[in-house]
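Q: Structure provided below as structure tokens; questions to follow.
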Amino acid sequence: MAHESGIAFRASATEQSQAALVALVARYGQTPENRAHSIVALGGDGFMLQTLHATQASGLPVYGMNCGTIGFLMNAYAEDGLQERLDAAVEEVVNPLAMRATLSDGTTATALAINEVSLLRAGPQAAKLRISVDGRVRMEELVCDGALVCTPAGSTAYNYSAHGPILPIGADVLALTAVAAFRPRRWRGALLPKTALVRFDVLESDKRPVMADADGNSVRGVVSVEIRSEPAVRHRILFDPGHGLEERLIGEQFV
């Protein structure tokens with residue numbers, strides 16, 4: 033076994049990630065997270081999000097190596113020179129979104145989302161949503177398949193697929209994007225200050241049920257959802273120089 037290097041490895045359950053874990057631990061050792069200086073996540077973007085959530089309390093930076101498909105939040109996989117790559121890595125800090133959903137039975141559900149909080153219809157009929165920003169109603173009724181609020185880090189994920197804007201990582205804004213808007217038919221969403229409190233009220237919730245999702249944590253039967261940035265939580269993500277999140281966000285707009 034290699035000497036303790038200060039690296040704590042985590043890997044997804046895929047065969048490729050597990051093989052990478054075995055190879056890297058044999059070469060660099062496995063340091064317990066309470067003694068580590070960094071975490072290396074082996075997998076795809078979904079596993080990277082899981083790792084960031086799971087290690088949030090540690091405050092350790094997370095360096096991802098892509099063993100998945102897209103790997104937008106990941107660096108290229110290589111066994112050689114890992115310690116040197118970690119030493120040279122550029123750190124990006126991302127604040128997640130805090131979701132507070134009120135359910136039809138009167139209970140509430142809370143969750144954090146690094147990418148986005150989305151509301152999606154949970155039945156055959158389109159959802160009807162009222163949108164308020166900082167306590168002021170901005171849209172009385174949006175008829176749609178759903179809507180989402182995303183961070184800059186999440187702007188190239190579901191938001192981009194829904195034709196939302198790509199946000200520079202340093203931008204102090206959030207994107208509010210409609211999913212298949214029917215009325216107003218051409219409404220494409222809004223850019224909001226990072227400090228904004230966004231509220232969705234579900235209209236006709238019995239007839240048109242809606243679910244809410246925060247980075248894969250889903251709740252059904254929501255009647256209202258409040259979303260805001262959470263500055264008290266800081267996720268530290270490491271990238272190879274010249275391949276950081278800001279560069280990727282810019283580059284994605286020219287493909």
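When the letters of the sequence shown are read in order and numbered with our numbering, they come out as residues 33 to 287. In this text, a Cβ means the ideal position worked out from N, Cα and C, and glycines have one as well.
1) Would you decide whether Tyr193 is buried or exposed? Buried here means 16 or more other CB atoms lie within 10 Å of its CB.
2) When you compare each of Leu129, Asp137, Pro156 to Ala143 by their alpha carbons, which one comes out closest?
3) Given that a residue counts as buried once 16 or more other Cβ atoms are within 10 Å of its Cβ, and exposed if not, what is Lys160?
4) Quick check on the DSSP output: what are the complete beta strand (DSSP E) runs of length 3 or more inside the segment 82-115, in order along the chain?
5) Between which two residues does the alpha helix (DSSP H) harbouring Ala55 extend?
6) Use the C-beta contact count for Gly196: other C-beta atoms within 10 angstroms, 16 or more gives buried, fewer gives exposed.
7) By the DSSP assignment, the beta strand (DSSP E) with Asn249 in it spans what residues?
8) Leaving out five residues before and five after Arg266 in sequence, what residues of the same chain have Cβ atoms less than 6 angstroms from its Cβ?
9) Taking the DSSP output, what are the residues bridged to Ala198?
10) Look at Leu229 and Asp177 and say whether their C-beta atoms are less than 8 angstroms apart.
11) Is the CB of Ala159 under 8 angstroms away from at least one CB in chain C?
12) What is the C-beta distance between Ala212 and Trp219, in whole angstroms, given that I count them as a contact (C-beta under 8 angstroms)?
13) Whole-angstrom Cβ separation of Leu152 and Met243, contact assumed at under 8 angstroms?
14) Take Met33 and list the residues in its own chain whose beta-carbon comes closer than 7 angstroms to its own, dropping the five residues that flank it on each side.
A: Quick look at the numbers:
1) Reading the sequence shown from its first residue, position 161 is the one you call residue 193. A small correction: the amino acid at residue 193 is Ser; Tyr does not occupy that position in the sequence shown. A residue is called buried once 16 or more other Cβ atoms fall within 10 Å of its Cβ, and Ser193, having fewer, is exposed.
2) The residue you call residue 143 lines up with position 111 of the sequence shown. Taking only the C-alpha atoms, the option nearest Ala143 is Leu129.
3) Taking the first residue of the sequence shown as position 1, residue 160 is located at position 128. Buried.
4) Correct list: 94-98.
5) Along the sequence shown, one-based indexing puts residue 55 at 23. If you look at Ala55, you'll find it in the alpha helix (DSSP H) that goes 47-60.
6) Within the sequence shown, the letter at position 164 stands for residue 196. The residue in question, Gly196, is buried, as its Cβ has 16 or more Cβ neighbours within 10 Å.
7) Reading the sequence shown from its first residue, position 217 is the one you call residue 249. Run containing Asn249: 249-251, per the beta strand (DSSP E) assignment.
8) Counting from 1 along the sequence shown, the entry for residue 266 is found at position 234. Closer than 6 angstroms at the Cβ level, and outside the excluded window around Arg266, lie Val125.
9) Translated into positions along the sequence shown, residue 198 becomes position 166. In the sequence under discussion, the amino acid at residue 198 is Ile, which differs from the Ala named in the question. In the DSSP assignment, Ile198 is bridged to no other residue.
10) Taking the first residue of the sequence shown as 1, we reach residue 229 at position 197. Taking the first residue of the sequence shown as 1, we reach residue 177 at position 145. Inclusion of Leu229 and Asp177 in the CB contact set at 8 angstroms is not warranted, their separation being larger than that value.
11) Any reference to chain C falls outside this structure, which holds one protein chain only.
12) Here residue 212 corresponds to residue number 180 of the sequence shown, with the count starting at 1. Here residue 219 corresponds to residue number 187 of the sequence shown, with the count starting at 1. Approximately 11 angstroms separates the beta-carbon atoms of Ala212 and Trp219; this is outside 8 angstroms, ruling out the contact.
13) What you label residue 152 is simply residue 120 of the sequence shown in a count that begins at 1. What you label residue 243 is simply residue 211 of the sequence shown in a count that begins at 1. Leu152 to Met243, Cβ: 6 angstroms. Contact.
14) As a first step, residue 33 must be located in the sequence shown, where it is residue number 1. With a pLDDT of 46 at Met33, under the threshold of 50, the modelled position of that residue is not reliable, and no figure is offered here.
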